[in-house]
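Numbering that gives the first Met the number 0 numbers the first residue of the sequence shown as 0 and each following residue consecutively.
Here a beta-carbon is modelled for each residue, glycine too, at the ideal position from N, C-alpha and C.
Only one structure is covered here, and it is reproduced in the block below.
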Amino acid sequence: MYAVLETGSKQYRVTAGDTLEIERLTVEAGKPVTFDRVLFVNNDGKLSVGSPMVANASVVADVVEHIRGEKKLTFKMKRRKGYHKSIGHRQELTVVKIKEIKA
0 MYAVLETGSK
10 QYRVTAGDTL
20 EIERLTVEAG
30 KPVTFDRVLF
40 VNNDGKLSVG
50 SPMVANASVV
60 ADVVEHIRGE
70 KKLTFKMKRR
80 KGYHKSIGHR
90 QELTVVKIKE
100 IKA
């Protein structure tokens with residue numbers, strides 16, 4: 000059984016036991032979180048496609064920890080002008096472990 004859920008404007012294909020790094024959630028580490036925006040559920044060949052979401056479907060997960068992603072570097076430069084600038088960014092992420100899919 001697997002499902003496709005949407006969080007942080009991104010879609011993830013999940014099964015029970017998966018570990019995901021998603022956009023930062025405002026839930027403390029160790030607490031459960033429920034994702035209601037389920038777009039698709041495959042229950043042993045029985046497909047449920049939502050328009051846009053599957054009714055009465057949810058994904059339950061535990062928040063493992065909050066982390067920061069790897070550093071992304073951007074370099075800007077204008078030739079012959081003496082202008083160059085380096086910019087770095089680290090995305091705030093939440094690690095969740097999927098417990099179950101309710102369909």
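Per DSSP, R23 is not a residue of any beta strand (DSSP E), being assigned neither H nor E. Shortest Cα-Cα distance from S50 to any of V3, K98, K96 involves V3.
Taking G44 as reference, the option from Y1, V95, H88, V94 with the minimal CA-CA separation is Y1.
When C-beta atoms of the stretch 33 to 41 are compared with those of the stretch 65 to 78, fewer than three pairs fall below 8 angstroms, so the two segments do not count as touching. Under the three-pair Cβ rule at 8 angstroms, the stretch 4 to 12 does not count as touching the stretch 80 to 91. Looking at E64, L19, L46, the one whose alpha-carbon comes closest to that of G29 is E64.
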